[in-house]
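**Q** Under full-length UniProt numbering, the first residue of the sequence shown is numbered 1, with each subsequent residue one higher.
Positions of the beta carbon are idealized from the N, C-alpha and C atoms, including for glycine.
The structure's right below; bear with me while I get my questions together.
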Amino acid sequence: MSSESPTPFRTVLRGYEPAQVDQHIRELTTSLTALQQQSEQLQRHVQELQTRTDAAESAVISAQEENKDRTPTFTEFGERVAKILSLADDEARDLVTRARTDAEAIVADAEAHAKKVRKEAEQYSLDWKSEVDAEAARILEEARTQADDMRDEAERDATARRSEAQALYEQERAKSAQAAAAFETTLAERRGKVEQEFAARTALAEQQLAAVTDRAAQVQREADRSRSEAERLAQQQLADANRQAQEIVAAAKDKAERIRAESERELAAATQRRDSINAQLTNVRQMLATLSGSPAMPLDLLADDDEQATTGSKKN
Numbered sequence: 001m002s003s004e005s006p007t008p009f010r011t012v013l014r015g016y017e018p019a020q021v022d023q024h025i026r027e028l029t030t031s032l033t034a035l036q037q038q039s040e041q042l043q044r045h046v047q048e049l050q051t052r053t054d055a056a057e058s059a060v061i062s063a064q065e066e067n068k069d070r071t072p073t074f075t076e077f078g079e080r081v082a083k084i085l086s087l088a089d090d091e092a093r094d095l096v097t098r099a100r101t102d103a104e105a106i107v108a109d110a111e112a113h114a115k116k117v118r119k120e121a122e123q124y125s126l127d128w129k130s131e132v133d134a135e136a137a138r139i140l141e142e143a144r145t146q147a148d149d150m151r152d153e154a155e156r157d158a159t160a161r162r163s164e165a166q167a168l169y170e171q172e173r174a175k176s177a178q179a180a181a182a183f184e185t186t187l188a189e190r191r192g193k194v195e196q197e198f199a200a201r202t203a204l205a206e207q208q209l210a211a212v213t214d215r216a217a218q219v220q221r222e223a224d225r226s227r228s229e230a231e232r233l234a235q236q237q238l239a240d241a242n243r244q245a246q247e248i249v250a251a252a253k254d255k256a257e258r259i260r261a262e263s264e265r266e267l268a269a270a271t272q273r274r275d276s277i278n279a280q281l282t283n284v285r286q287m288l289a290t291l292s293g294s295p296a297m298p299l300d301l302l303a304d305d306d307e308q309a310t311t312g313s314k315k316n
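Here it is, written out as structure tokens:
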């Protein structure tokens, strides 16, 4: 049997060693605990992404509040709004990029782990089946060898008995011709006894042979049952591993989808805040134009002035 099998259980009369089976169950439980810990780590990572998203939103809100608390000049107001809009766009794009990257990494890790679990379960089934087949063949071969040995011993014993009887017969006949009748009688009695003993020994040997044959058949049946049970357990564990792998992949995809949806909502919110700031900027410019007594500049000219002011500030 292979010494590299993932389940090197020692075979006993009625199946596998209970202590080794319990140990293997504990190892499977440890693997399940590790998977649960990995799931918790993924959950914490999602929470960290949510925290970073909340922090970005707070930064934009703080910038808006700071802009409301002070009265900037016309030029300063345009430059600050441009910076706020740029920061909001950059933060939104960065959030979406990081969320997509993290989601792809989570799905890739889950799929790789699922393939690994499925491969180990399949290898486990093949190794266990090979062990059971080899052990059954070994037990059957031992039973056949034992039966052959007992049969040979019985035949040797019978041959020795026959030789002994023949020698005794020749010795008695050579002693005296006068005691031939008595000798014949005695010899007949002894021959009958030897034949009875031989018949008894032969019958006993046949009984023992039948018992050994029955035992070999019983061992074969037990080996077949053990092999069937091993195959059933292996198939069940393979099915459990596949189901667990599918659940892990599904959970990871759900988390990735939630992260992507949240990032898209954050991007939409940032875009909405940018549009709101543009609207506020337009209102302020109209108010400044009204206070200065000059007609309000068209929106496209205001946008050009903003762009020129922003370009000039960047050059300075």
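If you compare alpha carbons, which of S163, E27, A134 is closest to S226?
**A** When only C-alpha atoms are compared, the closest one is A134.
**Q** Taking 8 Å as the cut-off, does the segment 208-227 touch the segment 147-161 (at least 3 CB pairs, one atom from each stretch)?
**A** Yes, the segment 147-161 is in contact with the segment 208-227.
**Q** Would the segment 153-164 and the segment 189-205 be scored as touching if the rule is three or more Cβ pairs under 8 Å?
**A** Verdict: yes, contact present.
**Q** Considering only residues of the same chain and omitting the five flanking positions on each side of T311, which have a CB-CB separation below 7 Å?
**A** No answer about T311 holds up, because its pLDDT of 43 lies below 50 and its placement is not dependable.
**Q** By how many angstroms is the C-alpha of R44 removed from the C-alpha of A19?
**A** The alpha-carbon atoms of A19 and R44 are separated by roughly 38 Å.
**Q** Classify T71 as helix, strand or coil using the three-state DSSP reduction.
**A** Reliability of the predicted coordinates at T71 is poor, the pLDDT of 46 falling under 50, and the value obtained from them is presented with this limitation in mind. The answer is coil: DSSP assigns T71 none of H, G, I, E or B.
**Q** Anyone know if the C-beta pair for V194 and R232 falls short of 7 Å?
**A** no
**Q** What does the alpha-carbon distance come out to for the pair D196 and A216?
**A** One point to set straight first is that residue 196 is Gln, not Asp, in the sequence displayed. Near 29 Å, if we compare the C-alpha coordinates of A216 and Q196.
**Q** Just how far apart, CA to CA, sit A252 and E48?
**A** 16 Å
**Q** Between the C-alpha atoms of S276 and R98, what's the straight-line distance to the nearest angstrom?
**A** 26 Å
**Q** Using alpha carbons as the reference points, say which of I259, E164, E170 lies closest to T101.
**A** I259
**Q** Measuring alpha carbon to alpha carbon, tell me which of D90, Q237, L87 ends up nearest Q123.
**A** Q237
**Q** Counting only the same chain and skipping the five closest in sequence on each side, list residues whose C-beta sits under 6 Å from that of Q235.
**A** none
**Q** Here's the rule: buried if 16 or more other CB atoms are within 10 angstroms of the residue's CB, otherwise exposed. What is P72?
**A** A caution first: P72 carries a pLDDT of 46, below 50, which makes its placement in the model too unreliable to give a value.
**Q** Pick from S31, E257, R26: whose alpha carbon is nearest that of Q244?
**A** Nearest of S31, E257, R26 to Q244, Cα basis: S31.
**Q** Using only the alpha-carbon positions, how far apart do E229 and S130 sit?
**A** 13 Å
**Q** Compute the Euclidean distance between the alpha carbons of Q269 and E262, then round it to the nearest angstrom.
**A** With the sequence shown as reference, residue 269 is identified as Ala, and Gln is not the correct amino acid for it. Looking at the two C-alpha atoms, the distance is approximately 10 Å.
**Q** Contact check, R190 vs L168 under 8 Å by CB: the rounded distance?
**A** 7 Å
**Q** Rounded to whole angstroms, what is the Cα-Cα separation between A199 and E170?
**A** 23 Å
**Q** So which of Q246, T145, D214, L267 has the shortest CA-CA distance to K116?
**A** Comparing Cα positions, the closest option is Q246.
**Q** For A19, which of helix, strand or coil comes out of DSSP?
**A** helix
**Q** Going along the chain, which unbroken runs of the alpha helix (DSSP H) with 4 or more residues stay wholly within the segment 198-249?
**A** Fully contained in the segment 198-249 is no alpha helix (DSSP H) run of length 4 or more.
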